[in-house]
Structures are given as structure tokens and as C-alpha cells.
Amino acid sequence: MFTEISLNPRLLLGLEKLAISEPTEVQSAVLPLALAGKDVQVCAETGSGKTLAYLLPLLTRLLDNEARPNSGTRALILLPTRELANQVHKVCKLFSEFVRPDSGLICGGEEFRYQASLLRKNPEIVIATPGRLVDHLKRGTCDLKSLEFLVLDEADRMLDMGFAEDMDIIISACNTERQTMMLSATLRHEGVGRVARKMLKEPAEITTRAIEEQHDLIVQQRILADDPAHKDRLLVWLLANETFEKAIVFANKRSEVERLSEFVRRHREGVAMLHGEMSQDDRRYVMQMVREGRRPILIATDVAARGLDVEGMDLVINYDLARKADEYVHRIGRTGRAGKAGLAISLIMPYEWNLKASIERTLQMMMQPRQIDGLVAAYKGPKKLKSSGKAAGTKKKKDSKKDGAKKDARKKSSEPRRVGKGPATPKPAKRTNLMDGAGFAPVRRQKREPDAE
DNA sequence: AAAAAAT
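Numbering of the first sequence is given in my numbering, commencing with residue 11 and proceeding in unit increments.
Here's what the structure looks like:
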């Protein structure tokens, strides 16, 4: 019960009105430490309640300690996308109905002057995406010198290369006497890196569920496809035949998202799309339509991969497979939230097989193979080579290679080589036991030095 | 190799 934790009474009242009485596992773990002022570094699965795990202690401490006279921003929450910033802002506002701290939303695509005047009113909490915040810092419209809290939500993302420059500027503008919290479903405590370690003071490392143990609530399937046209047909079939309340379809490129949404629209109503090149008005409108259920199908880039909490989202389709295991985890985590079940289906073309295998290896799971009658791929997965002769058990139909090819023919092949590390010949997937123990973890892929080119 | 985040 939240009442057993020393949250501010006004917050408890708020929770009661929102009909939230039990803390989730991650909330129970984080709250006492965060309330005691500890820095925390949290790994907990998607949909497990990380947002309140930092908002509640943050709000409590702001409420319990009076603001210093004309102090600037007291708490800063950083997020990687505008949609996510907006979502957290909304949750924050749910509580400002009951409690004082005012929060301001600072992200791109909105009018700068309006934000500047908002910041002049000194909201105690600023919720922001990095780019625009840096703008405000440079123009002196935002002051973080008396910051008491810093939260990096989706911390691994905030600390990866794409944000490095902005984060540098932000961090060096922040008060060093502050409490810092980092959270993500894919945070690796060992590997958080120099920047993160510099930001944290003796952090408590909290892992409710390690990455490989997350989500038994999400059924994960894969369907083989021969080519994009085949994927298109599979997608339309799935959207017509699966039962779902809301679905999200991920593609890897904006242009592909645009193409797909146009294509699917020809077969179905209720399709929306989201990617980072759209106007902020369109993005806002789309999210509203999706949340209200008026557009139950959202086709998106990875802008929607992390954090978005949309009621009733019970189907995730990876039209393109995520580029790495972490992003895969976040994508499928749009479903199966807060104890609900979900289904995630990945469409796999031949070139994606190795990626699929590496995701499965990292997450120590196997996607369930699935076939759709009438849309079965000729591709059956990588050929088992080794043992000279025949490819075992797979009937070869659409194989471009000549049948009589001897082994040594490979050497001379002028066909474009697969790019990638390691031996060009894929190892047969011999692992059947996924948890084969101690040997597993320490196996490191060869480290790559930044190769001079 | 691409997405996001600034204008």
C-alpha cells in the first residue's frame, strides 16, 4: 500500500482519487531509496510503472521542502521524444490538481516565446526534450543552477550518441548538488558508461527484472517473408484477421512508414502514421486520435518505440525488425503493459534472419514460428550447411543458386558478400536450450576498435 | 545505416 510509504499526504489523496492504491514492484523498490535522497539507476521492464516510480518521490520531496525564495527550476525530467515528454507532463498535471508544484513542458515544435514566458513563471518541474532545452539554456531563459532533481527517463537512450552533445550542455548547466535518477527497461548497470557515472553519486542499482527475464505476458511470434510485397500482404492479412483493440506497426524508415500507411489505408480505415518529420500539430493530432481509439492502427518509426503508454494497445507488428535487441524490447513493450497480455509479431525477410537470431540470443528467447495459410514463404531460414551434400529437410523452391554447386564454388563467387562480422557462413542455429547456463553470459563478441578508414 | 532532437 502506498499509505505505508512516507509519501506526502496530499499525494496520497491524489493517488486515492486516481484509484491507485498498490505500488508496483519497481515503485516499491525505488520509492524508499529515492525518498531518502539516494541517486538511483533503475532497470525495470516496460509497462511496470517507472514513471510514477520517479514522479512520486520527486513530488514528495518538492512538497515537503519549501522552495527557496525565487529559486529557478527545482526538478528537470528529460525524455527522448516529444510524445513521451507530453505524456509525462500529463501524468504530472494529474497530480497538480491536488498539489502545488507546477510543471512546464519544454520541447521542440512549439513556440519559443510562449515557453520562455512559461519558464519566467518558474515552474518547479520542467519536463523537456534535449534540443529545445539547450536553446533555452543558451538564451538564458532557463536556469538550472538550483536544480534539486534530475531524471533521465529512457536513460540509455538519453546517453547514447545522438544526444551526447546536447546532454553535455545540459549537464554542465545543472546544479551538482542534486539527486539524480536514471531509468530504462534496457539499462545495463555495468555498461552505463563514463558520462552516466559522472552524473551519479553512489547510485543504488535497482533491477526488478533483467532484460532477458522481461515479459512473459507478451507472446512473441515471427513470420517469414520472401520480399517486401510479401510483407505487405502479410501485414494486411494480420490487420484483417487478428483481433485487437489497437495495433502499432513499426517500420525502420520514415519513407517506409509513409508508403505503408498509404498502402494499408487502401485496405482499411482507422490508420494513422507517426514519424519525426511530421509537423508537431500533426503529431499531436495523431496521438490524440490513436489514444481515443478513433485510429486504432498506428504505423510509426522508432519515434514511437519507447515509453508510450496507450490504453488498449494489444498488438505490435514489426514490419521491419528492430535494428537491435534493446529497441525490439521497447517496441514490443508498447503492449503487455500493467499486467495485461499482448501479442508481438515480427515479419522476417532473409536479410533479417541474422538480426532475428542475435535478438533471440541477447534476450534468451525464441520467437514462435508462425505461418499464414496461403501466404507461406518459400524462404525457410538459413540453409544448414556443413556435412557436404544436401540441405537438410528444407525444400528449396525459390533458390537462386544452382543446385549442382559444389562447396568450392562458394569461394569464387562474385556475388556481393554479406557484410558483417565474423565468418560469412551462418552457423546453423543449434541452440535449442536457451538457458544453457554459465557459458552464456561471458561470451563476448569480438570487440571492435574504432577502425580508421 | 537510420531515427530522434533545434531552427
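Ideal placement from N, C-alpha and C gives every residue a C-beta, glycine not left out. The structure presented is a predicted model; accordingly, all values stated were derived computationally and were not measured.
Beta-carbon contacts of residue i that lie in its chain and below 6 Å, excluding the five residues immediately before and after
i	result
Phe-173	Pro-140
Thr-404	Only weak support is given to the placement of Thr-404: the predicted model assigns it a pLDDT of 40, under 50, and the question is left unresolved by the model.
Asp-10	Because the chain is modelled from 11 through 463, residue 10 falls outside the range shown and cannot be assessed.
Ala-206	Leu-169
Arg-380	Gln-231, Ile-233
Residue i to residue j span [Cα, whole Å]
i	j	result
Thr-217	Glu-120	36 Å
Leu-373	Arg-232	15 Å
Leu-25	Ser-38	15 Å
Ala-29	Tyr-64	19 Å
Gly-114	Asp-336	30 Å
Arg-278	Ser-271	10 Å
Val-52	Val-161	11 Å
Cys-102	Ile-116	14 Å
Gln-230	Val-296	27 Å
Ala-315	Arg-341	5 Å
Ala-388	Glu-266	24 Å
Leu-94	Pro-133	19 Å
Lys-366	Asp-170	23 Å
Ile-221	Val-339	8 Å
Ser-356	Ser-127	46 Å
Glu-35	Ala-261	32 Å
Gly-349	Leu-143	35 Å
Val-40	Thr-61	11 Å
Arg-149	Pro-111	25 Å
Leu-22	Ala-138	26 Å
Pro-213	Met-191	8 Å
Glu-215	Phe-105	27 Å
Arg-198	Lys-100	28 Å
Pro-360	Ser-16	54 Å
Met-375	Gln-298	34 Å
Arg-276	Ile-382	21 Å
Lys-394	Ile-228	30 Å
Lys-334	Glu-200	19 Å
Asp-236	Phe-254	26 Å
Spatial neighbours of residue i in its chain, beta-carbon cut-off 8 Å, leaving aside the 5 residues before and after
i	result
Arg-294	Asn-96
Gly-399	With a pLDDT of only 43 at Gly-399, under the threshold of 50, the placement of this residue in the model should not be trusted, and no figure is reported.
Asn-18	Leu-69, Thr-70, Leu-73, Asp-74, Val-109
Arg-347	Thr-56, Gly-57, Asp-319, Met-323
Asn-185	Leu-154, Lys-155, Ser-156, Leu-157, Glu-158
Gln-290	Arg-92, Gly-118, Gly-119, Glu-120
Residue j beta carbon less than 8 Å from that of residue i
i	j	result
Ala-85	Pro-67	no
Arg-264	Gly-286	yes
Arg-188	Ile-258	no
Leu-308	Asp-49	no
Val-313	Leu-284	yes
Val-246	Asp-163	no
Leu-248	Ile-327	yes
Ala-195	Ala-54	yes
Option nearest residue i by Cα separation, candidates the options
i	options	result
Val-300	Asp-237, Gln-290, Val-320, Ala-335	Val-320
Val-274	Arg-243, Lys-131, His-340, Gly-286	Arg-243
Ile-87	Ala-310, Phe-105, Val-136, Glu-215	Val-136
Glu-302	His-240, Asn-262, Lys-256	Lys-256
Asp-145	Asp-236, Gln-298, Gly-118	Gly-118
Gln-378	Lys-394, Ile-358, Lys-393	Ile-358
Ala-351	Ser-368, Leu-325, Pro-360	Leu-325
Ile-181	Lys-208, Val-202, Lys-241	Lys-208
Arg-123	Thr-253, Thr-151, Lys-100	Thr-151
Arg-269	Ala-183, Lys-241, Asp-292	Lys-241
Met-177	Leu-147, Gly-201, Lys-334, Glu-200	Leu-147
Pro-306	Lys-394, Gly-280, Pro-392	Gly-280
Residue burial classification, residue i (beta-carbon count within 10 angstroms, cutoff 16)
i	result
Gly-384	exposed
Ile-179	exposed
Asn-251	exposed
Glu-76	exposed
Lys-408	The predicted position of Lys-408 is uncertain, since its pLDDT is 38 and thus under 50; no value can be drawn from it.
Asp-226	exposed
Gln-125	buried
Arg-92	buried
Thr-13	exposed
Asp-166	buried
Glu-370	buried
Gln-224	buried
Glu-317	The sequence as given places Gly at residue 317; Glu does not occur at that position. Answer is buried; the Cβ neighbour count reaches 16.
Thr-311	buried
Gly-203	exposed
Pro-42	exposed
Proximal residues to residue i (C-beta, below 7 Å), its chain only, five neighbours per side dropped
i	result
Met-11	Ser-31, Glu-32
Gly-47	Gln-189
Glu-362	Leu-331
Tyr-329	Lys-241, Leu-245, Val-259, Phe-260, Ala-261, Leu-270, Leu-357
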